[in-house]
Structure formats: structure tokens, C-alpha cells
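Below is one structure, written out as C-alpha cells; the observations come after it.
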Amino acid sequence: MGYTDFTYCRTWAGFVYVTFVIDCFSQAIVGWHASTVKDTAIVTTVLKMAL
């Protein structure tokens with residue numbers, strides 16, 4: 013089982029959005045994805061990666 017975290021960081025070129033899937037037991041990141049566009053694709057990509 014895991015949980016997700018969605019965060020963003022401001023850069024000179026704009027924003028970068030990052031989504032993580034973290035394992036509840038080991039606290040290890042099991043999937044992540046970064047994008048310059050905040051949409052549902054960033055979340056679905058990282059969830060597929062974690063499976």
C-alpha cells in the first residue's frame with residue numbers, strides 16, 4: 013500500500029509539478045514524475061509506474 017504526494021516548485025522558467033508514490037511500510041519512493049503542466053496525466057503516469 014502507498015500514498016501519493018503532489019507538490020510544485022517555482023523556477024525561472026515557471027512552475028515544475030512533481031508527483032510521488034511513497035510506500036507506507038518502507039517510506040521509499042516507488043514512483044515519481046515531473047512535468048511543467050498541472051493535469052491528470054502527471055498523476056496517472058506515476059500511479060502506473062508504481063504498479
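So for the sequence shown, the numbering used here puts the first residue at 13; every next one is plus one. For each residue, glycine too, the CB sits at the ideal point set by N, CA and C. No experiment lies behind these values; they were computed from the predicted model shown.
Helix or strand or just coil, what does DSSP make of Thr-57?
helix
Helix, strand or coil, according to DSSP, for Ala-62 in the structure here?
helix
Take Val-58 and list the residues in its own chain whose beta-carbon comes closer than 8 angstroms to its own, dropping the five residues that flank it on each side.
Leaving aside the five residues that flank Val-58 on each side, the residues in its chain whose CB is nearer than 8 angstroms to its CB run, in chain order, Thr-16, Thr-31, Phe-32, Val-33, Gly-43, Trp-44, His-45.
Bridge partners - Val-28, DSSP secondary structure assignment
Cys-21
Residue of Thr-23, Ala-40, Tyr-29 minimising C-alpha distance to Asp-51
Tyr-29
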